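So the structure is just underneath, and the comments pick up after that.
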Amino acid sequence: AAALGLAVAAFVAVFAEARAQRQAMVVWFLGLLLALFGASVEGAAPLSYRWLDYVCFPVAAFLGSSVAAFLLSRDLTSRPAGELRRELFRSVPFWAGVALFTYFAVQDFNAWGIVVDREAFWAKQGLPGIDVGKFDIRPQPYLHWLPSGLNAPFSAADTSQPPMNAWRQMMVLAAPWLLFCSLQVGLRRRRGYVLLGWITILMACAVGTFGFLNQLSDGPILGYPVPYHSYIFGTFLSRTHAGVYLYLHAAIALALTFWHIRRAGENALKGGPHLVAAFLAFALALLVTLTGSTGGVGVVLALFVVSLPLAYYFGFPGSRGSRKRIILVTGAAMLLSAAAILFTVDLKPIVERFKMKAETYQKAGIDDRAPLRRATWSLISDGGWTGRAWVGFGAGSYRWVSPPYQAQQKELQRDGKLYIRVIHAHNDWLEMLADWGVFGLLPVFAGLLWLGRRLIRAFHGGHPETVPLALALLLMMLHASVDLLFWFTPLMGSAAFIAAAMACLTDQSSAETERPPS
Numbered sequence: 007a008a009a010l011g012l013a014v015a016a017f018v019a020v021f022a023e024a025r026a027q028r029q030a031m032v033v034w035f036l037g038l039l040l041a042l043f044g045a046s047v048e049g050a051a052p053l054s055y056r057w058l059d060y061v062c063f064p065v066a067a068f069l070g071s072s073v074a075a076f077l078l079s080r081d082l083t084s085r086p087a088g089e090l091r092r093e094l095f096r097s098v099p100f101w102a103g104v105a106l107f108t109y110f111a112v113q114d115f116n117a118w119g120i121v122v123d124r125e126a127f128w129a130k131q132g133l134p135g136i137d138v139g140k141f142d143i144r145p146q147p148y149l150h151w152l153p154s155g156l157n158a159p160f161s162a163a164d165t166s167q168p169p170m171n172a173w174r175q176m177m178v179l180a181a182p183w184l185l186f187c188s189l190q191v192g193l194r195r196r197r198g199y200v201l202l203g204w205i206t207i208l209m210a211c212a213v214g215t216f217g218f219l220n221q222l223s224d225g226p227i228l229g230y231p232v233p234y235h236s237y238i239f240g241t242f243l244s245r246t247h248a249g250v251y252l253y254l255h256a257a258i259a260l261a262l263t264f265w266h267i268r269r270a271g272e273n274a275l276k277g278g279p280h281l282v283a284a285f286l287a288f289a290l291a292l293l294v295t296l297t298g299s300t301g302g303v304g305v306v307l308a309l310f311v312v313s314l315p316l317a318y319y320f321g322f323p324g325s326r327g328s329r330k331r332i333i334l335v336t337g338a339a340m341l342l343s344a345a346a347i348l349f350t351v352d353l354k355p356i357v358e359r360f361k362m363k364a365e366t367y368q369k370a371g372i373d374d375r376a377p378l379r380r381a382t383w384s385l386i387s388d389g390g391w392t393g394r395a396w397v398g399f400g401a402g403s404y405r406w407v408s409p410p411y412q413a414q415q416k417e418l419q420r421d422g423k424l425y426i427r428v429i430h431a432h433n434d435w436l437e438m439l440a441d442w443g444v445f446g447l448l449p450v451f452a453g454l455l456w457l458g459r460r461l462i463r464a465f466h467g468g469h470p471e472t473v474p475l476a477l478a479l480l481l482m483m484l485h486a487s488v489d490l491l492f493w494f495t496p497l498m499g500s501a502a503f504i505a506a507a508m509a510c511l512t513d514q515s516s517a518e519t520e521r522p523p524s
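Each residue of the sequence shown is one higher than the one before, counting from 7 in the numbering used here.
In structure tokens form, the structure reads like this:
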């Protein structure tokens, strides 16, 4: 909710006139007062999870709008809001998001079922204390010629299980979408992305260091209890999510390294910001390793191994001799930093994790995500061509409709019964297909087609800084086929910034290359 509030504030700041921005601030302030009143009526203690459910969005939106109003109060160089809106309405990602969220709303309003008892499936598994006569989902009439979904709990106050429905999923995805639209249309200066890039990687280093120093399995973290059966990495409940967040910012640091090398020319041999960026890129890569995420380590290794030669051979056309010396100097600085840090770090845990996964694969012949993929595909293909593969079961419905299909997988059974209920498919592409169906994925394909053209151009010569950004996006999309990444707003927010920066750097560099000499 807080991320969505900040994203909405950024969107309003970019596409609304000053008067509309002031009116929005009044709306957010009144919304905050109503939220505080609602929380007090319900009896929610200040700073409790329920209290935060009420106040996070209006507080973040009000603060974001206030900062934007202050920064833009004397701005005389920005383009008019009307011009920006016209450009927004020509944007493929904007209309793809509008179409997708409209699809979510239609699914929810035209629900084929409603979740009436979240624990009924466990009753069928023989757990005590639950009435077996109830069912998880009660079918209800709906219009068969429209996309249909599932009415499910939105708030944690309504269920003992992690809540999710179409509107909550819309909140998760809307924040990075609004952020991307605001950046892609509103920020067209490359130096603006460079400045934001430095801010984000410094913040990522601070977050990663805090995570390394606070790896807990119980007790409080920032005043809140660590969830049961969790081994957190700082503010990240999932070490995989911590690894993804850090390798995305390692890609930004690599991009800044190449940017400053290209801008400095021959003067780069004298030192400069590229050496600092290279050091931070390695530091972030090391923090990825310290998370213990095997997927994160694999991606960050691929990122460095692939992006460095590609940037050298394709990013610096016609000047490889001088750039070679610069890259050698930068590489030597990184190696010295690596040697100094590696002497003080124990990498044995991550090595043991890789060995354990390799041994498991050799014994079973499959990876540990295979049962979940099979269960999800059984869910999607149930009913064949006349089933719900075309329209999906409904945005946010996976955790409610998938357990019976998970129970069919022997690897997930104990004494003939399902012993663990997985709320995500650990393959985001399959989960999207199960939730949204083929028709719901059409806007996603349109957005990916738009992005794909920029990804291809990112590997053209003349702008080496776009190579690690494009690779990070491609590797994250590949990583999402074996894990749950798209449902975590901080990761998607970082990816949105990377996509907007890559598009700006690619478009403007290509325009400079195609411009006829004067």
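In this text, a Cβ means the ideal position worked out from N, Cα and C, and glycines have one as well. Every value quoted in this text rests on a predicted model; they were computed, and no experiment measured them.
Per the DSSP secondary-structure output, Lys423 pairs in a beta bridge with Arg420. Boundaries around Trp406 are those of the alpha helix (DSSP H), Tyr404 to Val407, since no beta strand (DSSP E) includes it. A contact is defined here as three or more CB-CB pairs under 8 Å, and the segment 101 to 120 fails this definition with respect to the segment 51 to 65. Per DSSP, Ala19 is not a residue of any beta strand (DSSP E); the alpha helix (DSSP H) it occupies stretches across Ala8 to Phe21. Within the segment 208 to 296, the complete alpha helix (DSSP H) segments at least 4 residues long are 245 to 270 and 279 to 296, listed from N- to C-terminus.
When secondary structure is reduced to three states using DSSP, Gly389 falls in the coil class, being assigned neither helix nor strand. Taking the CA atoms as reference points, Asp374 sits about 11 Å from Arg380.
DSSP, reduced to helix, strand and coil, places Gly37 within a helical segment of the structure shown. Secondary structure note for Ile429: it is in no beta strand (DSSP E), with a DSSP letter that is neither H nor E. Per DSSP, Trp435 is one residue of the alpha helix (DSSP H) stretching across Asp434 to Ala464. Under the criterion of beta carbons closer than 8 Å, Leu447 and Trp383 do not qualify as touching, at roughly 15 Å. The alpha-carbon of Gly119 is positioned some 9 Å away from that of Ala158. The DSSP-derived three-state label of Ala413 is coil. Here Gly119 is bridged, per DSSP, to Pro145 and Leu156.
By the neighbour-count criterion, in which 16 or more other beta carbons inside 10 Å mark a residue as buried, Arg394 falls on the buried side. Assigned with DSSP and collapsed to three states, His150 falls in coil, not helix or strand. Leu497 is a Cβ neighbour of Leu254, given a cutoff of 9 Å. In summary, Val122 is exposed, with fewer than 16 beta-carbon neighbours lying within 10 Å of its beta-carbon over all protein chains present.
A direct Cα-to-Cα measurement between Arg268 and Pro470 gives close to 8 Å. Looking at the backbone, the Cα of Ser313 and that of Leu511 are separated by about 16 Å. Proximity of the segment 93 to 104 to the segment 177 to 188 meets the contact definition, three or more beta-carbon pairs being nearer than 8 Å. Distance from the CA atom of Val32 to the CA atom of Leu78, rounded to whole angstroms, is 17 Å. For Met482, the enclosing alpha helix (DSSP H) starts and ends at Thr472 to His485.
Under the three-state reduction of DSSP output, Val488 falls in the coil class, being neither helix nor strand. With contacts defined as CB atoms closer than 9 Å, Ala210 and Leu262 fail to qualify as a contacting pair. The beta carbons of Ala308 and Ala284 sit no closer together than 9 Å. Approximately 2 Å separates the beta-carbon atoms of Gly302 and Gly249; this is inside 8 Å, confirming the contact.
By the C-beta criterion, the segment 84 to 98 is judged to be in contact with the segment 15 to 32, since at least 3 inter-stretch pairs fall below 8 Å. Taken through DSSP and simplified to helix, strand or coil, Val112 comes out as helix.
For Phe76, the enclosing alpha helix (DSSP H) starts and ends at Tyr55 to Leu78. When rounded, the separation of the alpha-carbon atoms in Met508 and Val306 is 18 Å. With respect to the 9 Å criterion, Ala15 and Phe68 are classified as neighbours on the basis of their beta carbons. Closest in C-alpha terms to Gly467, from the list Gly453, Tyr411, Val397 and Leu316, comes Leu316. Beyond the five residues adjoining it in sequence on each side, Phe216 comes within less than 6 Å, by CB distance, of Gly240 in the same chain, given in chain order. Counted as a single uninterrupted DSSP element, the alpha helix (DSSP H) harbouring Gly192 occupies residues Ala172 to Gly192.
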